[in-house]
Structures are given as C-alpha cells and as structure tokens.
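In order, the protein sequences belong to chains W and A.
One gets my numbering by counting positions in the first sequence from 1 and adding 3 to each.
One gets my numbering by counting positions in the second sequence from 1 and adding 50 to each.
The C-beta atom is built at its ideal place from N, Cα and C for all residues, glycine as well.
The structure appears below as structure tokens.
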Amino acid sequence: MANMTYAQAVRKVIQEEMRRDDKVFVMGEDVEKLGGVFGTTRDLYKEFGTERIRNTPISESAIVGAAVGAASAGMRPIAELMYWDFAFVAADQIFNQMCKTRYVFGGNAKLPIVLRSQQGTGRGNAATHSQSLETIFMHIPGVKVACPSTPAEAAGLLRTAIRDDNPVCFFEHKALYITKGEVPDDPEFMIPFGKADIKREGSDVTIVTNLLYVSRALEAAEELAKEGISAEVIDPRTLVPFDYDTVTESVKKTGRLVVVHEAHQNCGWGAQVIAEVSKRAFRYLDAAPIHLGAKPCPLPFNPGLEAAVIPSVKEIVDACKAAMYH
Amino acid sequence: MIDKKTGLWIYNKMNEIRDFEETAWTLFTENKLRGSVHLYTGEEAVAASVCAQLSDEDLIASTHRGHGHCIAKGAELDRALAELMGKATGYCKGRSGSMHIADFTKGNLGANAIVGGGIPIATGGALALKMQNKPNVAVAFFGDGASNQGTFHESINMAAVWKLPCIYVVENNQFGMTVPVWQSTSVEDISVRGAAYGIPGETVDGNDVVAVYEAFARAKERALKGEGPSIIECKTYRWRGHWTGDPEVYRTREEVEDWKQNKDPIKRFREYLIKHKLATKKELDEINEAAAEKMAKAVEFAMNSPEPDPAHVLDDVFYEG
C-alpha cells in the first residue's frame, strides 16, 4: 500500500499500463509538458515520449474520432477530454460513432478505448466546466461508465477500463484529485466493473451515491447516527454495468432508499435506480424512495449560488429523515 | 500508368458496383428492400481507382453512399446485398443496412451515416498505422457536403501536424442532398483548402479512372514517405437522386442525361482500355457478363437468406471476450 492522491493514482496506473502494453497511449489537450490540468499524466512524456503522450489540437471531435479509428486498427487509446462538458463538442463521435461501432458492424469491431475526463463543481468553473454528465452516457447503449470516488478506486477501476476491450467513459471528479488514500502497490490491482461498494453499513436507510457525493453521504450518515438513524451508504462505482443486486439487497434490509448525486436530478441516473430497485424490492419498501440531485438550472459561478444548486449534506440528512418518518 | 491487370481489376469493380447499385434500385422499387439507400451510380471510378491501390492492410472510412467503397475494398456482392436487405447473412448481421455497411476484415472502418463522421475515424486509423510502423495508408472518402463539417477541419489539421499517412478523397458529386455546391461551399475547388493545412490539394476529373488513379498514386507515395496527408477532390456526378425517393427538383433531366451519355466513367474507361490495347472488346464483354452473373447469384443468395433471429438482438453491444 502507498498513500497517494486520487490524481497520483490515475497517473500511476496509466504509467504501469503503458509499460505493460505498448499499444496503450494517451492523447489529449495539454497532456504532455503540463501533464493535464490536474497532473494526471505529469512527466510521463519523459518516459514514453511525445508519440505516446500525445498533445492534440483543441479538436474534441477529432480526438474522439481518432481514438475510434486507432482502436479499430489495433491500438488502445486513452483519450482525454479536459472537462466532461467538452464531450458535447465531440457528441457525434462519442454517441453515434464510438458507442455504435461494434454493434452496427455486426460485432466485428473491437474498440478498446478509455475516454477520460473530470467533472463537477467545487472550483468555480461555472456553467460549461462544472456539470456532472455521467447519466447521459448511461442512457446511450454501447459504452461502460466508471466513476471512482477514492484513490484506490481510481487505480483499480482505471486498470480495468484500460484492459477492457470496449469503450469506457471514465469519470473523475475535479474536487477529488487532491484527496488522499491508500492504494495497493500491486500492478495487477483491478476492481471489477458492476460491483458496488458498501462504504458504510447501516440498517435503517440505504443511500446510493457516487463520486464527490460519497463523502457527503458519509457525512450525512454521521449526522444521522447522532440521532439514532443507521444509514447504509453504497457507491455503485460503475453505472454501466450497474450492480442492482447489492442495492436491492440493502433496500430489502433497510426498507428505505435515498439516491443522491451531483448530476441534475431531472432524469438523473438516480431515477433509473429507483425505478429498477422499486420493482425488485417493492414489497420491502417502508417509504417512497427519494431522489436528490442538482436543481434544474445551469451551474452558476458564485460559490454560494453553486452550493444552492447542488444537494447539501443537510438535504441528504433531511431526505433520510423524511424516509424514516414519512 | 495503369497496367493491364490493374485496368481489368478496376473495370470489373466498376461494373460490379454499377450492377449492384442498379439492382438495389430495382429491388427498392419492387419493395424488396427498404430504408435509407444512397446509390453510387456514376461515381464508380473514384472507389475503384483508389481501392485498386490498397491492400487489406490499408484502411478506409466511407460514407452514407458507401456501397461502392465497400465493394471496391473487397466485399462480396452477395453478403453486401444481404446486408442491404437486412438478412442474417449480411456483413453486419442485418444491423447496419445500407448506411453502416462494412466488411471489417478487409480494412473497411465502415460506411458512416453521419456526414463527415468518418473523417476523424480514418485519421485515427492512419495514426494507428503510423504508431505501429506499418507500410500502409488510410483513406477518408467523403462528399462535398462533408467538406463543410467541422470534422473536416479538425481532422486534416491534426493529420497535417502529425504527418499521418491519410488521404482525404472528396467525392464532389455537385450536390449536398439537394443543395448545389456553389450555394454551400465558398470555393469552386475544394482541394484548394489543402493550402490552409500546408498540404497538397489536387482536383481531378472524378469520372476519369486514369486521372484519379494517378493523383491517388502521388498522394499515397507522399504518405508512405512520411510526408503526411493530401486532399484529392474528384469531380463527379451521381446519376440517381440523393436517396431512392428523391424527387430531384434541384436539377434538370437534361443535365442528368448529359452526364450519363457523355461522361459515363465506365464507358470512358472501356474506351481507354481498348484504345491503349490493354484489353479487347471480348475480354471486357466477358467481364460485364461475369459481373452480371455474379449479381444475379447475389440476388438469389440475399433473397433466400434468413432474417436475423430477434433472440440475438442484444448481442454485440459489448465485446464479451
């Protein structure tokens, strides 16, 4: 084990996988000398050269499209978009090309692509650099979706993503990069997709959440404990595939479900989880499931305004209490 | 120069493509084939002359008007037609139809139903070839309409900066659906846009096999020497409408007839082969007959092929290993 930041964990795995497999390479904006805005490829060009740590023009469609072409022709690109918000610039190449290529060509194409970026609030990046967009990638079939919330998960999920023979959208959170944690030294350490992690065990209410909101849900669970309410916190870790079994088992035990995410609440992935788990555990529910997410407005710049749009710890606590005392 | 073997190969492919497209037209009018079908009739010289210089290791990315590229890159008529008819025996198991057709095993990265969608993909193919030190090239086929998409600019700039072995072949067939080129495009010759990227751009008569062949040979040589991409604009004309139901309100019958009667690429190349004693009339007639016979068998194959089993509709969204 080594103690490192989330950003360092990402960098470590990219480095180890590039050493292991010369087909793996990185391309994106400012990935070379700068090492990306958050340092996730810092100094890697010194070891691997600028062919494999490849600065691109500011051309998101071409970055993703080139990844599709290169993967179709035998390479294993890690394509980096600086912000997930920029995925909209490359939307055709992501949703119409990358997601559909294998299927429409009769299963003859193999696309081992990791499309990495970071998202979320917390750094005053305003409306087009602060969104949480993972739901959209869960909606369109053809891509796996991973969302690590700790340094160890960043490492374990990223290695799984790089070795997967399918496109994986890898959602990092900008506010998590500086968080620290223990990461296994093992260069084979992998976390399987579709396996949720129970971050805190509890018996009264199940909170399902991801990315930055795992820490906020854990904070809420602490608050609730003071009032004698035992909350179980579950991080699905991947949205595609989604571990409905773990969530369903938890809800059968607690009888209450609160899903909270930084992504917009309206049609956010929590709605899908509630629909599926309600179907599977309907007879076990003691209260209507509650869904919290960002309010339906663009993310504003001012920190106070930004905080007002996304769910607060207090709102999570209140939602759990509402489920308890409905 | 085109030698006899290559000349006959090109002539055969052009005839196969023509027969395929006109058969598809007939089947469509007989309600035996449905969906979005964009025919390549009249543009055969481009796909055949370019693909004559490619091996299975070379890559192409194609367009919504992609049957010609697919066949020229090595697809068989029977499985290609089966795909157009959505049959289980089609190259893509009936999932692609006309607009996404590809035989991936032949280095075809796919027809692409989004205008300009294939340009960055071919560019990425070229990147892979370069990174793997392969002595091959990638070709992006696309139309005049796609040259106004952002992907055109993004991809060619990227390929020029990285000196990728990618050749951008513009099939300027005069119309982006119904809009004439003069109304949508700021320049008369799209190839002049090469100057914007510091790369060669050349405009040729796209219905002249020799002109297309030689321009592509120059671009390929440059790409293989590591000097980077080129743009080749082939001025051509589609005989059929944009799609099979096109009322063609944007052009006159006289204009279409003029291209058919006076600029038919197959007829022109046939005359060239005979004039340069590369083939006899008899040899060429035999090729025509063989292509027609192959097409007839392809129709039989496709018509008699089974429908795909809906039980497998969810297969292949992901590679399962």
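Verify the CB distance criterion: does residue i have a CB-CB separation below 8 Å to chain A?
i                     : result
residue 166 (chain W) : no
residue 305 (chain W) : no
residue 54 (chain W)  : yes
residue 104 (chain W) : yes
residue 13 (chain W)  : no
residue 407 (chain W) : The first residue shown for chain W is 4 and the last is 329, placing residue 407 (chain W) beyond what the model contains.
residue 198 (chain W) : no
residue 90 (chain W)  : no
residue 152 (chain W) : no
residue 246 (chain W) : no
residue 96 (chain W)  : yes
residue 99 (chain W)  : yes
residue 141 (chain W) : no
Would residue i pass as a contact of residue j if the rule is Cβ separation under 8 Å?
i                     : j                     : result
residue 41 (chain W)  : residue 10 (chain W)  : yes
residue 80 (chain W)  : residue 211 (chain A) : no
residue 238 (chain W) : residue 188 (chain W) : no
residue 88 (chain W)  : residue 134 (chain W) : yes
residue 71 (chain W)  : residue 171 (chain A) : yes
residue 259 (chain W) : residue 208 (chain W) : yes
residue 117 (chain W) : residue 241 (chain W) : no
residue 178 (chain A) : residue 73 (chain W)  : yes
residue 261 (chain A) : residue 254 (chain A) : yes
residue 221 (chain A) : residue 286 (chain A) : yes
residue 187 (chain A) : residue 108 (chain A) : yes
Quick check on residue i - is its C-beta less than 8 Å from some C-beta in chain W?
i                     : result
residue 192 (chain A) : no
residue 182 (chain A) : yes
residue 208 (chain A) : yes
residue 201 (chain A) : yes
residue 141 (chain A) : yes
residue 100 (chain A) : no
residue 146 (chain A) : yes
residue 367 (chain A) : yes
residue 205 (chain A) : yes
residue 119 (chain A) : no
residue 170 (chain A) : yes
residue 134 (chain A) : no
Quick one: residues in its chain with C-beta nearer than 7 Å to the C-beta of residue i, no 5 flanking neighbours on either side, listed in chain order?
i                     : result
residue 312 (chain W) : 297, 298, 300, 302 and 303
residue 120 (chain A) : 112, 130, 151, 152, 153, 158 and 161
residue 293 (chain A) : 86, 87 and 88
residue 213 (chain W) : 150, 152, 238, 239 and 264
residue 267 (chain W) : 296, 297 and 299
residue 141 (chain A) : 125, 129, 130, 133, 151, 152 and 153
residue 180 (chain A) : 214 and 215
residue 335 (chain A) : none
Please return the same chain residues whose Cβ sits closer than 6 Å to the Cβ of residue i, not counting the five positions on each side in sequence.
i                     : result
residue 45 (chain W)  : 38
residue 244 (chain A) : 250, 251 and 281
residue 315 (chain A) : 94, 95 and 257
residue 144 (chain W) : none
residue 175 (chain A) : 109, 159 and 188
In the structure shown, what three-state DSSP assignment does residue i receive?
i                     : result
residue 158 (chain A) : strand
residue 330 (chain W) : The requested residue 330 (chain W) is not part of the displayed model; chain W covers only 4 to 329.
residue 93 (chain W)  : coil
residue 122 (chain W) : strand
residue 80 (chain W)  : strand
residue 280 (chain A) : strand
residue 185 (chain W) : strand
residue 296 (chain W) : strand
residue 188 (chain A) : strand
residue 260 (chain W) : strand
residue 210 (chain W) : strand
residue 151 (chain W) : coil
residue 16 (chain W)  : helix
residue 230 (chain A) : strand
If you follow the beta strand (DSSP E) that residue i is in, where does it begin and where does it stop?
i                     : result
residue 243 (chain W) : 241–243
residue 218 (chain A) : 216–222
residue 255 (chain A) : 251–255
residue 31 (chain W)  : 27–31
residue 110 (chain A) : 109–111
residue 6 (chain W)   : 5–8
Under DSSP, the alpha helix (DSSP H) around residue i begins and ends at which residues?
i                     : result
residue 119 (chain A) : 117–122
residue 176 (chain W) : No alpha helix (DSSP H) holds residue 176 (chain W); the beta strand (DSSP E) holding it covers 171–176.
residue 288 (chain W) : Counting along the chain, residue 288 (chain W) falls outside any alpha helix (DSSP H), and DSSP gives it neither H nor E.
residue 260 (chain A) : 259–274
residue 68 (chain A)  : 54–79
residue 306 (chain A) : 303–312
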